[in-house]
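J.: In this text, residue positions in the sequence shown follow the UniProt record's numbering: the first is 1, and each later residue adds one.
To start, I am sharing the structure in question, which I have written as structure tokens.
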Amino acid sequence: EKHISIQRDFAELEKLANLKEGEFTTAAPQNTDLQVTDEKKPCPLCSEEKYKACYSHKLHRHLLNFHWKVSVEFEGYRMCICYLPCHPVKPNLIGDQTFSKMGAHYHCIICSATITRRTDMISHINRHVNKGETESRFITVPAPKNSHQVLKESATDVRVLPNYSTPQKTDSYFNPKMKLNRQLIFSALAVLAKERTPIECLDAFGATGIMGLQWAKHLRSSVRVTINDCNENSVAMIQENCHLNKMKVKLNTKEDDNDEAMRDGEDNTDTIEVTKMDANVIMHLRSFDFIHLDPFGTTVNYLDSAFRNVRNLGIVSLTSTDISSLYSKAQHVALRHYGCNIVRTEYYKELAARIVIAAVARAAARCNKGIEVLLAVALEHFVLVVVRVLRGPSSADDSAQKIRYLIHCQWCEERTFQKEGNMLEENPYQQLPCDCHGSMPGKTAVVLGPLWSGALFNAGFLRRMYFESAQYGLDETQSLLKTLVCEAECTTLKHYSIHTSCEETKQEECGVYIKTPNTSPESLVHRKRKSDEVTRNTNKRQKAENSAEHPAFYYNIHRHSIKGMNMPKLNRFLNYLSEAGYRVSRTHFDPMGVRTNAPLAQFKTVLLKYSTPTYGGGQAEDAEVLEEDRSGTAAIVFTKDCPPHCAAD
């Protein structure tokens, strides 16, 4: 039965105290005594030590003011404050005497827990409602109709709880701001599905299952989706969302039966397999072609398991949301998780992407595997890295050699990777193109890393991703992919053309190894040979692309602008740098960033050349260059209106 402190209305509380209706009004005026028939009655919610027995009119005021007005309401019931000795309170020992304090508390109508404060009780009830727990142990309370919300994204419906936006307090975390992230991962999976089919793909942290549902709903028989989560409530939510989208579900929670479950599901490609186990366990037990990791925070705890059983030429994508450490706000956490020494720089987002890729490359090398970076995106809320796995110790050695340290000048923001080799240099400052160490006092540079020094993008793969995003109507992704392709090729959007992506995609699909039930052995051998040829051609194309990879890092045009000068528009400045003979492009890391192979000194020289004075009416003719350094590293600009002593100085 429910506790006596939980009542529907005040009349039931009066009945509990044996107060009849109107009995408390039997008292005479103030100058007269009470009727003789009125007897003293105790409070049903207080002990005798807390509140002694009194007459009916005083007991009525006590119940109304002391219990009913401070109660917590839920679904038509009131949880009144209780002073009975049902809440354990630690005694206070003073000398030889023991004083026990009578603790005021509330009884939860749902879980029968005892809560001391009213505000804590309200928060406790709200947590039950957010988790969908609205049925009481004592009474049947109908669940509110709006306790579950249905959200729609990319023609996929998901049912979530009201607190779906707080990851640490909900079992169905769903972040609408990560829609772009999910579309990028879907485009990468769609490209892999064109290379070989069917493919085994894993969403290791399912939460609501939105990502795996989108894979299965749009790619259909090309993929075999497995959605995993270690939380039992999340697994139940994933099953409900699968039924909501009219998808078949196969639940597998046993670690020993994974191989049998995989063999049984080979013929049923429209079924989504839902597993309940730790992400490291399922990646150790089974092999996959595509693995996506999206934990809450860093992904370094799952990299070794991800690369242990991933198939050759498979893809591993990971989303890191620990931006406080990656974006140099918590540098000690970055050192602890990634083993990297970093500082805040103008290119901190690209620095974060290279930190994550370096951790991925080290984890793959421990499993005798190398990586090819297909995509690296760092935005406001996350860092997304997509890599292709290349088996073999030679590939692992090639990837490990691309992990190097970075020398960063703290005065002018110039940077360069350290030269290969283990021999110490007498003056490492000579590797920097700038001469800040000779002109500035003290130590001017720091060593950052280790970082990934290779390319961050694969232009051919990004073009095919753009083609797939256009085919499936992912409009939000197309503009970003255009920028990424231009950044990978280090060209401006003016010279960008997407028509070649369709032809490349068709040529690569001609030799794809596709296994169907009616395929003969002779055709399998023929297609296998074609697949081997395509693989060799792909490796040759990758080597050709790597020989002309994009320059590392970028410069912010605002950070290097000249004080008192109006700098040119960004697109015009890109044309000026291109006319000067440098490769140049915009970058998604920074809207005002310029990726170029020009040194910082030449970057500033071109910027100064096409900047106009703010006080000269915007006319470039009013400026005269009176003196310029022979090395071209700096230029001193004076105007006709400057006094003579300025030029003399």
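Using N, Cα and C, we set each Cβ at its ideal position, and we do this for glycine too.
Since the structure is predicted, the reported quantities are computational estimates derived from the model, not experimental observations.
1. Along the chain, where does the beta strand (DSSP E) that runs through Y429 open and close?
2. For E153, I'd like the list of residues in its chain whose CB is within less than 8 Å of its CB, leaving aside the five on either flank, ordered along the chain.
3. Tell me whether T614 is buried or exposed, calling it buried when 16 or more other Cβ atoms sit within 10 Å of its Cβ.
4. Cutting at 7 Å between CB atoms, please list the residues of its own chain near R344, excluding the five before and the five after it.
5. Would the beta-carbon of V249 fall within 8 Å of that of V316?
6. At which residue ranges does the stretch 172–217 contain complete beta strand (DSSP E) runs of 3 or more residues, listed in the order of the chain?
7. Going by Cα to Cα distance, which pick from P198, P591, C486, A552 is closest to K569?
8. Rounded to whole angstroms, what's the CA-CA distance from residue 650 to S287? Just pull it up for me.
9. Quick check: the Cα distance between V594 and E487, rounded to an integer number of angstroms?
10. Could you name the residues of the same chain whose beta carbon sits closer than 8 Å to that of L493, not counting the 5 residues immediately before and after it, in chain order?
11. Just to confirm, is the Cβ distance from A363 to L448 under 8 Å?
12. When the Cα atoms are used, what is the spatial distance from N427 to G438?
13. Only counting runs of 3 or more residues, tell me where the beta strand (DSSP E) segments fall wholly within the stretch 331–419, in order along the chain.
14. Does the beta-carbon of K443 have 16 or more other beta-carbons within 10 angstroms, so that it is buried, or is it exposed?
15. Given 8 Å as the limit, is there contact between the stretch 382–397 and the stretch 354–371, that is, 3 or more CB pairs closer than that?
16. If you run the structure through DSSP and keep just helix, strand and coil, what is C436?
17. Have a look at S5, A580, L202 and flag the residue whose alpha-carbon is nearest the alpha-carbon of S71.
18. What would DSSP say about V70, mapped onto helix, strand or coil?
19. Around the Cβ of N571, are there at least 16 other Cβ atoms within 10 angstroms (buried) or fewer (exposed)?
20. Measuring alpha carbon to alpha carbon, tell me which of D203, P44, M277 ends up nearest L19.
21. Would you kindly work out how many angstroms separate the C-alpha atoms of Q7 and K131, rounded to a whole number?
22. Near E346, what residues of its chain come up, given a Cβ to Cβ distance below 7 Å and the 5 sequence neighbours on each side ignored?
23. Give the DSSP bridge partners of F290, in chain order.
24. Looking at L577: is its Cβ nearer than 8 Å to the Cβ of T605?
25. Between which residues of its own chain and Q431 is the CB-CB distance below 7 Å, once the five residues before and five after are set aside?
26. Give me, in chain order, the residues of the same chain whose beta-carbon lies closer than 6 Å to that of T299; leave out the 5 immediate sequence neighbours on both sides.
27. Please classify L13: does DSSP put it in a helix, a strand, or coil?
28. Going straight from the alpha carbon of P450 to that of Y405, what length do you get?
29. Can you check whether the CB of L151 is closer than 8 Å to the CB of W68?
30. How big is the Cα-Cα spacing for K246 and D322?
31. Roughly how many whole angstroms lie between the Cα atoms of H588 and P599?
32. Where does E425 land, buried or exposed, given buried means 16+ other C-beta within 10 angstroms?
33. Take residue 670 and list the residues in its own chain whose beta-carbon comes closer than 7 Å to its own, dropping the five residues that flank it on each side.
34. May I have the straight-line CA-CA distance separating D9 from H148, to the nearest angstrom?
35. Just to confirm my understanding: we take A193, look at its own chain, exclude 5 residues before and 5 after, and list those with CB closer than 8 Å. What are they?
36. On the criterion of 16 or more Cβ atoms from any shown chain inside 10 Å, does H550 qualify as buried, or is it exposed?
T.: Put simply:
1. Per DSSP, Y429 is not a residue of any beta strand (DSSP E), being assigned neither H nor E.
2. If we look at E153 and ignore the five residues flanking it on each side, its Cβ neighbours are P176, K179, R182, I210, Q214.
3. The residue is exposed, with fewer than 16 neighbouring Cβ atoms inside 10 Å.
4. These residues qualify, in order along the chain: S328.
5. Not in contact: V249 and V316 (Cβ atoms no closer than 8 Å).
6. Counting only runs of 3 or more, we get 199–203.
7. Nearest of P198, P591, C486, A552 to K569, Cα basis: P591.
8. No information on residue 650 is available, as it lies outside the stretch 1 to 649 that the chain covers here.
9. Answer to the nearest angstrom: the Cα atoms are 10 Å apart.
10. Same-chain partners within the cutoff: K482, T483, C486, R586.
11. Judged by their CB atoms, A363 and L448 are not nearer to each other than the 8 Å cut-off.
12. One C-alpha to the other measures close to 11 Å.
13. The beta strand (DSSP E) runs lying completely inside the stretch 331–419 and spanning 3 residues or more are 369–378, 383–391, 403–409, 415–417, given in chain order.
14. Looking at its Cβ environment, which holds fewer than 16 other Cβ atoms inside 10 Å, K443 is exposed.
15. Flag = yes, the stretch 382–397 and the stretch 354–371 touch.
16. Of the three classes helix, strand and coil, the one that applies to C436 here is helix, per DSSP.
17. For the options S5, A580, L202, the alpha carbon positioned closest to that of S71 is the one of S5.
18. Of the three classes helix, strand and coil, the one that applies to V70 here is coil, per DSSP.
19. Result: exposed.
20. Comparing C-alpha distances from L19 to each of D203, P44, M277 shows the shortest one belongs to P44.
21. Looking at the two C-alpha atoms, the distance is approximately 24 Å.
22. Excluding sequence positions up to five before and after E346, its CB lies within less than 7 Å of the CB of E413, N556, R559, all in the same chain and listed in chain order.
23. DSSP, once it has assigned bridges, lists C201, I315 as partnering F290.
24. The answer is no: Cβ separation not under 8 Å.
25. Within the same chain, Q431 has close Cβ partners I407, T416, Q418, K419.
26. Excluding sequence neighbours, T299 sits near L293, L318, S320.
27. Here L13 sits in helix by DSSP.
28. P450 and Y405: Cα-Cα distance of roughly 5 Å.
29. Result no, Cβ atoms of W68 and L151 do not sit closer than 8 Å.
30. Rounded to the nearest angstrom, the two C-alpha atoms are 35 Å apart.
31. H588 and P599 have their alpha carbons spaced roughly 20 Å apart.
32. Exposed is the call here.
33. Residue 670 lies beyond the range of the chain shown here (1 to 649); nothing can be said about it.
34. Between the C-alpha atoms of D9 and H148 there is a straight-line separation of about 29 Å.
35. Once the five neighbours on either side are set aside, the close Cβ partners of A193 are I199, L219, S222, V223.
36. Buried is the call here.
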